[in-house]
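Inspection log for the structure reproduced underneath, given as C-alpha cells.
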Amino acid sequence: MNSNVPEHQRAREIDALVDHLDPLDGVVVRKAWDFAETLYGAARLPTGEAIVEHALGTVRILDAVRADAPARAAGFLFSAAERLTKPEEQLKENFGDEIATIAIGVRQLARVGIATRPLHRTVGGAEAGKPGGKPLDAKAIERQAETLRKMVLAFSTDIRVVLVRLASRLQTLRWYAENKTPLAEWTDPDIARESLELYAPLANRLGVWQIKWQIEDLAFRFLDPDAYKRAARMLDQKRGEREAFIQRKTYELHALLASAGIDAAVTGRPKHLYSIVGKMQAKKLAFENLYDVRALRVIVADEAACYATLSVVHGRWHPLPAEFDDYIAKAKENGYRSIHTIVRDEEDRPFEIQIRTREMHRFAEYGVAAHWRYKEGGSSARASDRFDERIAWLRQLFAWRSEIAGDAERGAGPGPGRPGATQAGPPPDERIYVLTPEARVIELPMGATPIDFAYHVHSDLGHRCRGARVDGALVPLNTALKTGQTVEIITAKPSPTVSLEALGPSRDWLNPQLAYLQSPRARAKVRQWFNARELEATLAAGRALVEKTLQQTARGSGKAMPALDELAARLGFAKADELFAAVAKDEIGPRQLGEAVLEDGSAKTGLDIDDMLRARKSGTTSATDPKRSGVLVVGVDALLTQLAKCCKPAPPDAIAGFVTRGRGVSIHRSDCSNLAAMRERDPERMIDVDWGDPGKRGDAVYPVDVHVTAQDRQGLLRDISEVFSREKINVVAVQTESRKGMARMAFTAEVGDARLLQKALVAIGDVKGVVEAKRK
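In C-alpha cells form, the structure reads like this:
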C-alpha cells in the first residue's frame, strides 16, 4: 500500500475496521490506532515496510477472521512496546490489562521467533544443502517444530497473542508479494521457510484456515517459484472447463437438495496451489488424477441435514469408499468438523463434496478467532459466554501438550483422539519457557530462577554461575523468570589463583527463605556438589593419617611398607578410598593400622574369615566372651569385637557383625548403611551377633549421637543440656552451628540402654524452638 494515503481515505478505512463492533469497542480500537500512528510516525520495519502500513494490514487480516476488539487494538500496537520507555506500565495505563497483555505477548513471541531463526536456518534453511553444509536432520527439524509448540503453549493463556502474530506474519508475506520482491532481496530470507514450516502448521492447528492457506501459498511462491508457476499453469489450462463443470454440478446438487426439502447453500470450493502440489507429491499423482481439484461445498442448518445431504449425494453419484471421511462423528485434533466424500459422475470424473453446518463453516474459516470474537449481537454477548469459549480452547491446548509429551517420548504415537492418549505433565500455567542465547527453549517450573536455568542447561554451568542477564539486563540470581525471556549466565572463570570451592555453588542457594532454587533437580545437583567436596576432604584427611602411620611404622620397624591398596585389603576394604574414609571417621585407629602394616600373613590380632568358617564347620557353638563389650557372637569362640563408630550401636538395638581381617568382628546396627554396603560386597563375612546377658554388662555405657535442629535463641543450649541432666544422661561432646536463624546441634551421649534415650528425645522435642530431635 502507498504510505502517502490521503488522511480522509485512511479515516474511512479505520471506520470500516470498527463499524461492526460494539460502539465502546470501536472507541478503544480507534484510540489504539491514533496512539500507534503517532508513536510509529515514518518508522519502518527491517523488511522495509512502514510500521503504520504493517499495523493496518495486520488488523485487516484480523477483521477478515472476525477477531475481537482487544485483538484488533493489539494488532495496531504490535510494535509499541519496542518504542516505549516503560511499555507494560504505559500500555496498561492507556488501554487496560487485557490489551496490554496481548500486545506485549505479541512482541515476546516475535522476539522468540527471531531468536530461534538461526537454529532453523542450520536445520532446514539456506545453509543446509550448501557445499560443505550439513544435510537435513529429521530429528533436528522435529526439535525445532517442538520449539514452536512450546512457545505457543507458553502464551496459551490468551490465544489472541498467537492470532495477532499469525496475522502479522501474513501481512509481511503480502507486502513482499505486492512489491514483487524476490527472495534473494529479502532482508531475512529465512522468513519464508519459517512461515511455511512453522507458522502455517500453527495456523492449521488453531483452525484458522484463511490465514493458513494464504501463508502456505505466499511462502511457496517465494521458496519455489518454478513449482509455483507450474501449478498455476496447470490450474489455468483447464480453468474454463473446470469452472463450467463446477457450475453444472452446483445447480444439479442444489436442485436435488431442494427436491428433498433440504435448505442448503452450494458453492464451488477454492483450491490452493500449495495444497495441490503437496497432494501430488504425497500421493504421487498426476494433476489430472487429483480427486479434489473439482470440489463443491454444501452448507446446511444442522447435523441431521448434513447426513441427509450425504444420503442424497451418494444416491445420485457413485461414492469412493476409500475417500470418505466423517469429521463430524470424529472431529480433527484442531476442532475441525465436516463430511468429505469423493464421488464419480456418469462420465467417471471424480469430484469432492464437503458438507457442514453454518457453525462448522464459521469454525473452519476462522478457527480460534471465531471463538474469541464477540458473539453476534455485539454488547449482548455475556462475559460468561466468552469465558466458556476460552476454557474450551485451553482444554484443547492442554490436550495438545499431552500430544507433544507423547511425541517427545515416542517419536510418534497416540495423540488426542487416538487410542492411548493421556494428559501428561502440569498444565501450561505451571511451567515457563525461556531461551538460551543460542535460541534453545528451556522448560522450567513456575518461579524458576537463573540458577535453575543454569543447572538445567548443564551442571557445570550451574556450579560456576555468578550472575545473569535477562533480556540483556543484569538481574539478581533469585529473580523469578518469565516465559519468553532470554537468559544468559555469567560464570566464574577458572585460573591458577581461583580455588575449586570458589568455582562451586553457594550454600545460601539451598536456603529456601532466599528463594534461589525452585527446581528439585537443581537443588539435588547443589547438594551433590557439596557432598562430593565433603567426601574429597574426608578422603584427603584419611589419606594423610594413613601415610603418616606408614612413615612412622617404617621408621620403627625397618620393614618395607605395603601399597595402599594392599593395606586396605588386609583391613577388609575393597579399595584404598574406603580405608581412608574409615580412618577419617575414626573407625580405624593408628594401632590397627600399625598392626596391618606389620602383618606378614602368619600373625593376626584376631580370627579371619577362614578361621571363622573352620570353627563353624567343626561345630564349635560356645560363644560368650564377657571381656568383649558384653556382646555374644554366635558360633565362634573368643572372637575379638568392637563397636562401629559409624552407627554407634547400643543395647537393645538390633545388631549384626562383620568379620574383618586382623581386627575381629565389627558390630553395627542392622540398619547401618555402611553395613549394607559391606554385606553386598562380602556377604560371606557377615555373622550373627547379639547383646550378651544384661546382668553381665554391669555399668557398661555406650556412646550414641543425637542431632537437634531448632530455631536459634539465647539459652537454647542450656535448656537442652538440662534435659540430658534431668534424664541422668552424660554428654561427652557437643558441636553447634547457627546459620540464618537456625541452630544445628550434635551431641554425643553415653547410655547403658538406648531405650532411655527415647524419653530424652521426646523431652528435647518439647523444648521451645526445637524443630527436630533424633538419634543419628
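Residue numbering for the sequence shown follows this note's numbering, starting at 224 and increasing by one per position.
Cβ coordinates follow ideal geometry from the N, Cα and C atoms, glycine included.
Just so you know, these numbers come straight off a predicted model, no measurement behind them.
**Report entry** Neighbour-count burial assignment, V931, 16 or more Cβ in a 10 Å radius
**Finding:** Answer is buried; the Cβ neighbour count reaches 16.
Query raised in the report: Quick one, are the C-beta atoms of A867 and V927 less than 7 Å apart?
Result: No, the pair does not count as a contact, with Cβ atoms beyond the cut-off.
Query raised in the report: Should D238 go down as buried or exposed, given a rule of 16 or more other Cβ atoms within 10 Å for buried?
Result: Exposed: under 16 other Cβ atoms inside 10 Å.
**Report entry** Residues that R750 bridges to, as DSSP identifies them
**Finding:** Answer is none; R750 lacks a bridge partner.
Requested in this report: Could you tell me the distance, in whole angstroms, from the CA atom of R283 to the CA atom of E236?
Outcome: About 9 Å.
Query raised in the report: In three-state DSSP terms, what is W914?
Result: The answer is strand: DSSP assigns W914 an E or B state.
Query - Contained alpha helix (DSSP H) runs [length at least 4] in the region 230-255, N- to C-terminal order - result: Scanning the region 230-255 from its first residue to its last, the whole alpha helix (DSSP H) runs of 4-plus residues come out as 230-241.
Query raised in the report: Start and end of the beta strand (DSSP E) containing T564?
Result: I562 to R567 is the span of the beta strand (DSSP E), which, as asked, contains T564.
Query raised in the report: By Cβ distance below 6 Å, which residues in the same chain neighbour V536 in space, the five residues on each side in sequence not counted?
Result: Annotation for V536: I576 place their beta carbon closer than 6 Å to its own, counting only its chain and skipping 5 residues before and after.
Requested in this report: Closer than 7 Å by C-beta to L697: which residues in its own chain qualify, once you throw out the five before and the five after it? Chain order, please.
Outcome: Excluding sequence neighbours, L697 sits near G690.
Query raised in the report: Would you say D911 and A977 are within 7 Å of each other, going by their C-beta atoms?
Result: It is not a contact, given that the beta carbons lie outside the stated cut-off.
Query raised in the report: Measuring CA to CA, which of L939, V924, I713 and A804 is closest to C869?
Result: Distances from the alpha-carbon of C869 to those of L939, V924, I713 and A804 put A804 closest.
Query raised in the report: When DSSP labels each residue in this structure, what does P358 get in the three-state scheme?
Result: For P358, the pLDDT reaches just 42, beneath the cut-off of 50, and the residue's location in the model is therefore unreliable, although a value from the coordinates is still provided. Annotated three-state conformation of P358 is coil, per DSSP.
Query raised in the report: Quick one: Cα of A287 to Cα of P728, how far?
Result: A direct Cα-Cα distance of roughly 55 Å separates A287 from P728.
Query - Q934 (DSSP reduced to helix, strand or coil) - result: DSSP places Q934 within a strand segment (E or B) once states are collapsed to three.
**Report entry** Reduced DSSP category for K997 - H, G, I as helix; E, B as strand; rest coil
**Finding:** Note: K997 maps to strand in three-state DSSP.
Query raised in the report: Could one say the Cβ of T959 lies closer than 7 Å to chain D's Cβ atoms, at least one of them?
Result: Any reference to chain D falls outside this structure, which holds one protein chain only.
Query raised in the report: Ordered along the chain, which non-local residues of its own chain (more than five positions away) have a Cβ less than 6 Å from that of F445?
Result: Cβ within range, chain order: L406 and A415.
Query raised in the report: In whole angstroms, what separates the C-alpha of A966 from that of L980?
Result: Rounded to whole angstroms, A966 to L980 spans 21 Å at the Cα level.
Query raised in the report: What whole-angstrom Cβ distance do A686 and W732 have, given they're in contact under 8 Å?
Result: Here the sequence assigns His to residue 686, which means Ala is not the residue at that position. In fact, because the Cβ distance is near 10 Å, the residues do not count as touching under 8 Å.
Report task. Classify G965 as helix, strand or coil using the three-state DSSP reduction. Result -> Going by the sequence as given, residue 965 is Met instead of Gly. In the structure shown, M965 adopts extended strand secondary structure according to DSSP, grouped into three states.
Report task. In angstroms with no decimal places, state the Cα-to-Cα distance between V489 and I434. Result -> Approximately 23 Å between the Cα atoms of the pair.
Requested in this report: Just grab the DSSP bridge partners of N953 for me.
Outcome: Beta-bridge pairing links N953 to E973.
Query raised in the report: Any idea what DSSP makes of H891, helix, strand or coil?
Result: Strand at H891.
Report task. Take N701 as the anchor and find which of R750, Q736, P310 and A518 has the nearest alpha-carbon. Result -> Distances from the CA of N701 to each of R750, Q736, P310 and A518 were compared; the closest alpha carbon is that of Q736.
Query - Inter-residue spacing [alpha-carbon to alpha-carbon] between G817 and T772 - result: Answer to the nearest angstrom: the Cα atoms are 7 Å apart.
Report task. Less than 8 Å between the CB atoms is what I'm expecting for I438 and R383, so what's the real figure, rounded? Result -> Taking the Cβ atoms as the reference, I438 lies roughly 18 Å from R383, outside the contact range of under 8 Å.
Query raised in the report: Cβ of H541 within 7 Å of Cβ of R517?
Result: Taking a C-beta distance under 7 Å as the contact criterion, H541 and R517 do not qualify as a contact pair.
Query - L519 versus H679, D894 and P573, residue with shortest Cα-Cα distance - result: Among H679, D894 and P573, the Cα nearest to that of L519 is on P573.
Query - Whether T270 touches A390 by CB criterion (7 Å) - result: In this structure, T270 keeps its C-beta atom at 7 Å or more from the C-beta atom of A390.
Query raised in the report: For Y474, is the classification buried or exposed, using 16 other Cβ atoms within 10 angstroms of its Cβ as the cut-off for buried?
Result: Answer is exposed; the Cβ neighbour count stays below 16.
Query raised in the report: Taking R892 as the reference, which of W914, R908, T883 and E903 has the closest Cα?
Result: When only C-alpha atoms are compared, the closest one is W914.
Query raised in the report: If you draw a straight line from the alpha carbon of S896 to that of V387, how long is it in whole angstroms?
Result: C-alpha separation (whole angstroms): 60 Å.
Query raised in the report: Which residue comes first and which comes last in the alpha helix (DSSP H) that contains Y399?
Result: For Y399, the enclosing alpha helix (DSSP H) starts and ends at R383 to E401.
Query - E556 versus V929, P424 and K982, residue with shortest Cα-Cα distance - result: Sorting V929, P424 and K982 by C-alpha distance to the C-alpha of E556 places P424 at the top.
Query raised in the report: Exposed or buried, which one is G707 when buried takes at least 16 other CB atoms within 10 Å?
Result: So G707 ends up on the buried side.
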